[in-house]
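This report concerns only the one structure given below.
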Amino acid sequence: MSDFIMGALMLTSFALIWGAISMGRREGWGQKPLLMIIAAIVMIANVAIWAIPSEAEKSASLQTAQ
Numbered sequence: 065m066s067d068f069i070m071g072a073l074m075l076t077s078f079a080l081i082w083g084a085i086s087m088g089r090r091e092g093w094g095q096k097p098l099l100m101i102i103a104a105i106v107m108i109a110n111v112a113i114w115a116i117p118s119e120a121e122k123s124a125s126l127q128t129a130q
């Protein structure tokens, strides 16, 4: 389930960036396009944080590999 959520967040962040660029070109680089880009950056950072395994997960995977 978390893979689906992370994938959906990545697709949404790319859509936000694409929408912000098109809105910025059409209406100018005001507050809305910049906030959309910031929201996309926050979403990408959240996915990156979730994707990094914790120390407990690392040690559990090492124990199962041995």
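The numbering of the sequence shown is my numbering, which starts it at 65 and goes up by one. Even glycine gets a Cβ: it sits at the ideal position worked out from N, Cα and C.
query                                                                                                                                                     : result
Does the beta-carbon distance from A112 to I101 come in below 8 Å?                                                                                        : no
Closer than 7 Å by C-beta to P97: which residues in its own chain qualify, once you throw out the five before and the five after it? Chain order, please. : A84, M87, G88
How is the alpha helix (DSSP H) around S60 delimited, first residue to last?                                                                              : Residue 60 is absent from the structure shown; the chain starts at 65 and stops at 130.
Please determine, among S66, S118, L80, Q95, the residue with the shortest C-alpha to C-alpha distance to V106.                                           : L80
List the endpoints of the continuous alpha helix (DSSP H) containing I113.                                                                                : 95-115
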